[in-house]
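Numbering (full-length UniProt numbering), first residue to last: 1 to 335.
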């Protein structure tokens, strides 16, 4: 005959049996132990009764703690679960009521993670499409208009004889040229054409140069040769994470330098951003970091942040690849 597992017993009967064991033990003690109660109660008898009651209460508390431990674990997991760190599951054993509850909770987490991933994918795809449209309009319309204005200012400056007016027109040309450069830079940030034309390494090199030039922050970059072929979406995820990470360093880290590395080991492609700034400290993750985590999940990757106060921050994006060197979708990785 197969023994009944403890975890297969419903929670009600488990609590009932635990309390029954305690009460039966107390009854047996009163029936067979050479203990009597006088009237009035003697001090020694009162001590025996109090000790016996304490023993029963402690035994009952311990047994209930053991019986309700799975529910405590479930409660803690529900309070701390984060869908941006997928794979958080409780162990399942047996067939009891608590086990069925835990299994249902794990299945609910899996559905929520899948639905969130699908929703994020649609939202980020729409966002990239809108960025592409705005970038194209900035380049084709605003950029061309500023170029035409720049040419008209040059022709006007060449025709006038007044040196003061010519100086004013030349100043207007410089202002227009600076505005045109800003528009082109914004268009590149919205949709990096170099990523589509020349690939990830060239796009990251251009990004590092741009951050160094405009933020005055030295960006040392190192890219391991022989990078496996990645699809367009994965390259875009690597680029956006690098862009957000470097922008955060330039704006908030108070760093003097930052290192950007891209490497692979045959199983994973890893992007690493490390600065020497003030670190994250006790600050909560903002929308930028959560956006990076959402992008990482789109390609089955994992994003890790490590920081200590005054010791800088390290952002690591890791994406698994298959044995042939291409990207493989394996679902969200376990935390």
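In this text, a Cβ means the ideal position worked out from N, Cα and C, and glycines have one as well.
Under the three-state reduction of DSSP output, residue 72 falls in the helix class.
Contact annotation, residue 78 with residue 22: C-beta distance approximately 30 angstroms; criterion of less than 8 angstroms not satisfied. One alpha carbon belongs to residue 233, the other to residue 298, and they sit about 9 angstroms apart. For the stretch 276-302, the full-length alpha helix (DSSP H) segments reaching 4 residues or more read 287-298 along the chain. Between the C-alpha atoms of residue 53 and residue 76 there is a straight-line separation of about 32 angstroms. At the C-beta level, residue 198 and residue 241 stay beyond 8 angstroms of one another.
The residues 227, 230, 235, 238, 239, 262, in chain order, have a CB closer than 8 angstroms to that of residue 200 in the same chain once the five nearest residues on each side in sequence are set aside. Comparing alpha-carbon positions, the option among 153, 180, 178, 179 lying closest to residue 167 turns out to be 153. In the three-state reduction of the DSSP assignment, residue 317 falls in the strand class, which pools E and B. Here residue 217 is actually not in contact with residue 183; their C-beta atoms are around 23 angstroms apart, not less than 8 angstroms. For residue 90, there is no enclosing alpha helix (DSSP H), as DSSP marks it with neither H nor E.
Cβ neighbours of residue 256 within its own chain (closer than 7 angstroms, five residues either side excluded): 276. If the five residues before and after residue 222 are omitted, its C-beta is found closer than 6 angstroms to the C-beta atoms of 261, all from its own chain and listed in chain order.
If you check the CB distance, residue 243 and residue 195 do not come in under 8 angstroms. By the neighbour-count definition (other C-beta atoms within 10 Å, threshold 16), residue 294 is a buried residue. DSSP assignment within the stretch 172-254 yields the following whole alpha helix (DSSP H) runs of 4 residues or more, N-terminal first: 193-198, 200-215, 232-248.
Looking at the DSSP output, residue 304 bridges to 316.
With respect to the C-alpha of residue 69, the residue from 118, 91, 280 having the closest C-alpha is 91. Under the three-state reduction of DSSP, residue 261 is assigned to strand. Here residue 285 is exposed, its C-beta having fewer than 16 other C-beta atoms within 10 Å. In this structure, residue 190 places its C-beta atom within 8 angstroms of the C-beta atom of residue 135. When DSSP reads this structure, residue 271 sits in a beta bridge with 262, 317. About 6 angstroms separates the beta carbon of residue 320 from that of residue 267, a gap short enough to meet the 8 angstroms contact definition.
According to the DSSP assignment, residue 152 belongs to the alpha helix (DSSP H) that extends over 143-159.
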